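*Asks:* In this note's numbering, the protein residues as written are 900 to 1271.
In this text, a Cβ means the ideal position worked out from N, Cα and C, and glycines have one as well.
If you're wondering where the values come from, they're calculated on a predicted model, not measured in any experiment.
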Ligand SMILES: [Zn+2]
Ligand SMILES: [Zn+2]
Ligand SMILES: [Zn+2]
Ligand SMILES: [Zn+2]
Ligand SMILES: [Zn+2]
Ligand SMILES: [Zn+2]
């Protein structure tokens, strides 16, 4: 026997009562026929209250009444039978035979609810002797639904033994004459067996589809995890590369500045030496100029002649006309520019290699959804 239907599963999500004519929506959920009508007559594109899937699959623009749409939905006859059985069991638990005492038993064939003494009579009467009578506490609505006999669609009290496919009706032997013109009338048992077979293969098919979809969702989650992990790895690569590039730039800045200050202070020292030397020469020239000026101003004889002789020798030894040549300033810029260009080339190469890093987040749309 199939899994037990919990009492809440017999309840409609709209009216919260047990289903009345449960209709199967396109999403597979159930609603009472009346509840479907009230839902879509207020809003034609109303969704299923359980999953929001559309109730009406709008095809073309043929306007249908809400009642027609609800009528056209298939009925869940199994749920209908379970709800009816539950209703039968749920009514006041009085013996339906004597209407006097509390019912403790139920007949699985004729659904009579009985007290202890009426049950004894039921088991003695020839017509009901073979009936299976069970304690009400152990019978479930599903079991009761399963044991309900098929009754002739025409004679509500007669056991049906045949199924007319043409009319989609269960019929009794005596009614078979009325269906003599029908092409397909089969024994009920045979029809039941083939229906069970069909349901069996449907169950198998749905099981497989469910498995495939679960697997596809699992695969998707795994891909997402991989993509997340790759994202984190790539973030780390970018961070570490940029840190390295930044320190390259900083190193370059320091080195270039060092080079510039080194070359500049070297040149300053050289200039100050040259300046010192020139000042010394200037001092000598100035003091000799004083000697000459004094001699020509005072003009003592014969000292002037001696002076002319001595001072000429001295001034000649001073190399007054030595060329005032200063080493030219060697501009370090070409060297610096070359160094900077080199760093830029290295950084460019690093950045290019970063762009070539495989991202790993390949997007493929070939999910294996070969189900149903
Ligand atoms: Zn309802
Ligand atoms: Zn739904
Ligand atoms: Zn009784
Ligand atoms: Zn009975
Ligand atoms: Zn009949
Ligand atoms: Zn027929």
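1. Using the beta carbon as the reference atom, which residues fall closer than 7 angstroms to any heavy atom of ligand 2, ordered along the chain?
2. Distance, Cα to Cα, residue 921 vs residue 915?
3. Would you identify the three-state DSSP class for residue 923, choosing helix, strand or coil?
4. Suppose you measure from the CA of residue 1086 to the CA of residue 1031; what does that come to, to the nearest Å?
5. Check this for me: beta carbons of residue 945 and residue 939, under 8 angstroms apart or not?
6. Determine the closest residue to residue 992 out of 1012, 1207, 1177, with distance taken between C-alpha atoms.
7. Please report the residue range of the beta strand (DSSP E) in which residue 1034 lies.
8. With a floor of 4 residues, list each alpha helix (DSSP H) that falls wholly inside the stretch 1111-1199, ordered by position along the chain.
9. The beta strand (DSSP E) spanning residue 1069 covers which residue range?
10. Comparing alpha-carbon positions, which option in 903, 1173, 1181, 1218 lies nearest residue 1037?
11. What are the residues that DSSP puts in a beta bridge with residue 932?
12. My guess is that residue 1046 and residue 1007 are in contact by the Cβ rule of under 8 angstroms, so how many angstroms apart are they, rounded?
13. Only counting the same chain, and skipping five residues up and downstream in sequence, which positions put a Cβ closer than 7 angstroms to that of residue 989?
14. Whole angstroms are fine: how far does the CA of residue 1131 sit from the CA of residue 919?
15. In the DSSP assignment, the alpha helix (DSSP H) including residue 981 goes from what residue to what residue?
16. Please tell me whether, using a cut-off of 7 angstroms, the distance from the CB of residue 1008 to the nearest non-hydrogen atom of ligand 4 is below it.
17. Report the partner residues of residue 1246 according to the DSSP bridge assignment.
18. For residue 1024 and residue 1016, what's the separation of their Cα atoms in angstroms?
19. Which residues does DSSP pair with residue 1084 in a beta bridge?
20. To the nearest angstrom, how far is it from the Cα of residue 1106 to the Cα of residue 973?
21. In terms of alpha-carbon separation, which member of 1180, 1176, 1154, 1143 lies closest to residue 1245?
22. Is the CB-CB distance between residue 1061 and residue 1079 below 8 angstroms?
23. I'd like to check one pair, residue 1238 with residue 1214: are the Cβ atoms closer than 8 angstroms?
24. Sorted by chain position, which residues of the same chain lie with C-beta nearer than 6 angstroms to residue 1057's C-beta, five sequence neighbours on each side aside?
25. Quick one: what's residue 973 bridged to in DSSP?
*Replies:* With the structure as the only source:
1. 924, 926, 927, 928, 947, 949, 950, 952
2. 13 angstroms
3. strand
4. 24 angstroms
5. yes
6. 1012
7. 1032-1034
8. none
9. 1068-1070
10. 903
11. Answer is none; residue 932 lacks a bridge partner.
12. 4 angstroms
13. none
14. 55 angstroms
15. 976-989
16. yes
17. Its beta-bridge partners do not exist; DSSP assigns none.
18. 13 angstroms
19. 1063
20. 22 angstroms
21. 1143
22. no
23. no
24. 1051, 1071
25. Bridge partners of residue 973: none, in fact.
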